[in-house]
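Enquirer: In case it helps, the working numbering puts the sequence shown at residues 1 to 250.
Glycine is no exception: its CB is placed at the ideal position from the N, C-alpha and C atoms.
Predicted, not measured: the structure shown is a model, and the values here were computed from it.
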Amino acid sequence: MPNGSLADWLSPESVAPLSWPMRLKVARDAARALAYLHQQMPSPIIFRDFKPSNILLDEKWNVKLSDFGLARLGPLDGNTHVTTRVVGTHGYADPEYVRTGHLRTDCDVWSYGAFLYVLITGKPPISLYLPTNEQHLLEWVGDGKFRLIVDPRINGQFPSQSAQELATIAENCLLRNRDLRPKMSHVLNKLDELIMDSLLETIPPFVLVVDRERVTDRWKVSNEQQSLTIVKVKRKRRFICLPHLGYSKK
């Protein structure tokens with residue numbers, strides 16, 4: 001893939017860190033991929049090894065899942081789980097799956113929650129070279145001090161509220177009670193809302209549009225560089241440009 005794997009960009013050796021908006025995009029795209037596997041296939045597919053090194057980025061920074069070698073069909077015919085030999089990557093494998101061998105789609109949901117904290121902090125789930133109280137990421141981030149845990153390479157260039165909301169999504173995915181974990185489609189909806197709210201916080205009150213073509217309640221404008229969608233947001237009394245995100249309306 002032109003932009004390698006997400007693990008490459010989260011590595012301390014990375015040439016440049018991923019910006020906060022790009023991290024949100026990756027989180028959203030990855031959630032969409034898992035939601036598709038879990039809920040839109042003829043039979044649910046459990047990825048079983050969801051981690052940054054298996055998330056590839058194409059030339060437009062779109063997420064592509066790779067390495068389906070450990071993937072399994074989910075439970076069928078009313079069964080609640082598949083019993084299987086435990087495999088996966090330490091730090092990303094659902095503890096309940098490791099304990100029982102019972103594989104369900106919510107095992108991927110737990111892995112996704114661990115992945116979100118890796119995305120937020122830029123740290124791997126287990127780092128034995130760090131001080132003892134920081135070696136296990138999911139224990140270290142539990143105090144919720146977001147300004148301290150967000151990847152320092154971003155240099156504070158992120159909305160604090162956005163980081164807190166992303167961490168809340170992660171915490172819900174990491175619930176010990178598997179039945180209380182959200183579906184990936186629900187996670188995807190939450191991330192769409194989070195990205196839209198982040199856009200509304202940063203976009204000026206009005207965007208001047210020229211050469212616009214009216215299409216119902218939206219406008220499309222194109223030039224040689226890119227195509228944008230202009231959407232009227234009534235509750236905000238303004239127009240907003242949504243590059244690369246497609247049409248959305250609040």
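#1: Determine, using beta-carbon pairs with one atom in the region 16 to 24 and one in the region 172 to 179, whether at least three such pairs fall under 8 angstroms.
#2: Return helix, strand or coil for residue 60, following the three-state DSSP convention.
#3: Does DSSP classify residue 102 as helix, strand or coil?
#4: Residue 71: which of 113, 89, 60 sits nearest, CA to CA?
#5: Quick check: what's the CA-CA separation for residue 135 versus residue 168?
#6: Closer than 8 angstroms by C-beta to residue 58: which residues in its own chain qualify, once you throw out the five before and the five after it? Chain order, please.
#7: Thinking C-alpha only, which one of 107, 83, 82 is nearest residue 94?
#8: On a CA-only basis, which of 46, 149, 38 is nearest residue 119? Give me that one, please.
#9: Check whether the Cβ atoms of residue 187 and residue 112 sit closer than 8 angstroms, and answer yes or no.
#10: Rounded to a whole number of angstroms, what is the C-alpha to C-alpha distance between residue 99 and residue 92?
#11: Kindly indicate which three-state DSSP category residue 5 falls into: helix, strand or coil?
#12: What number of angstroms, rounded off, separates the C-alpha of residue 213 from the C-alpha of residue 196?
#13: Going by DSSP, what residue range makes up the alpha helix (DSSP H) through residue 183?
#14: Would you mind working out which of 141, 29, 192, 73 sits nearest residue 42, comparing C-alpha positions?
#15: Using a threshold of 8 angstroms, state whether the C-beta atoms of residue 53 and residue 7 are closer than that.
#16: Bridge partners for residue 73 per DSSP, in chain order?
#17: Nearest to residue 48 by alpha carbon, out of 39, 17, 84?
#18: Excluding the 5 residues preceding and the 5 following residue 140 in the sequence, name in chain order all residues of the same chain whose CB lies nearer than 6 angstroms to its CB.
#19: Tell me which same chain residues have a C-beta within less than 6 angstroms of the C-beta of residue 184, skipping the five on either side of it?
#20: Would the beta-carbon of residue 105 fall within 8 angstroms of that of residue 44?
#21: Can you tell me whether DSSP reads residue 90 as helix, strand or coil?
#22: Suppose contacts are defined by Cβ-Cβ distances below 8 angstroms. Is residue 152 in contact with residue 137 by that definition?
#23: Check residue 121 in the structure and name its three-state DSSP category.
#24: What are the partner residues of residue 83, as DSSP defines its beta bridges?
#25: Are there 16 or more other CB atoms within 10 angstroms of the CB of residue 68, so buried, or fewer, so exposed?
#26: So residue 26 is in the alpha helix (DSSP H); what residue range does that whole segment cover?
Expert: Reading it off the structure:
#1: Judged by Cβ distances under 8 angstroms, the region 16 to 24 makes no contact with the region 172 to 179, as fewer than three pairs qualify.
#2: Coil at residue 60, not helix or strand.
#3: If DSSP states are grouped into helix, strand and coil, residue 102 belongs with the strands.
#4: The option with the nearest alpha carbon to residue 71 is 89.
#5: A direct Cα-Cα distance of roughly 21 angstroms separates residue 135 from residue 168.
#6: Taken in chain order, the residues that qualify are 1, 2, 3, 64.
#7: Here the closest residue by C-alpha is 107.
#8: Taking the Cα of residue 119 as reference, the smallest distance to any Cα among 46, 149, 38 is reached at 149.
#9: Yes.
#10: Near 14 angstroms, if we compare the C-alpha coordinates of residue 92 and residue 99.
#11: Three-state DSSP puts residue 5 in a strand.
#12: Its pLDDT being 42, under 50, residue 213 is placed unreliably in this model, and the value from its coordinates should be taken loosely. Approximately 23 angstroms between the Cα atoms of the pair.
#13: The continuous stretches of alpha helix (DSSP H) do not include residue 183, and DSSP gives it neither H nor E.
#14: Looking at the Cα atoms, 73 is the closest of the given residues.
#15: Contact flag set, yes.
#16: Paired residues: 45.
#17: That would be 84, whose Cα lies nearest to the Cα of residue 48.
#18: The beta carbon of residue 140 lies closer than 6 angstroms to those of 134 in the same chain, with the five residues before and after it left out.
#19: The answer, listed in chain order, is 31, 34, 35, 38.
#20: Taking 8 angstroms as the Cβ cut-off, residue 105 and residue 44 qualify as a contacting pair.
#21: Note: residue 90 maps to coil in three-state DSSP.
#22: Contact: no.
#23: Correct three-state label for residue 121: helix.
#24: 102.
#25: When all chains shown are included, residue 68 counts as exposed.
#26: Counted as a single uninterrupted DSSP element, the alpha helix (DSSP H) harbouring residue 26 occupies residues 20 to 39.
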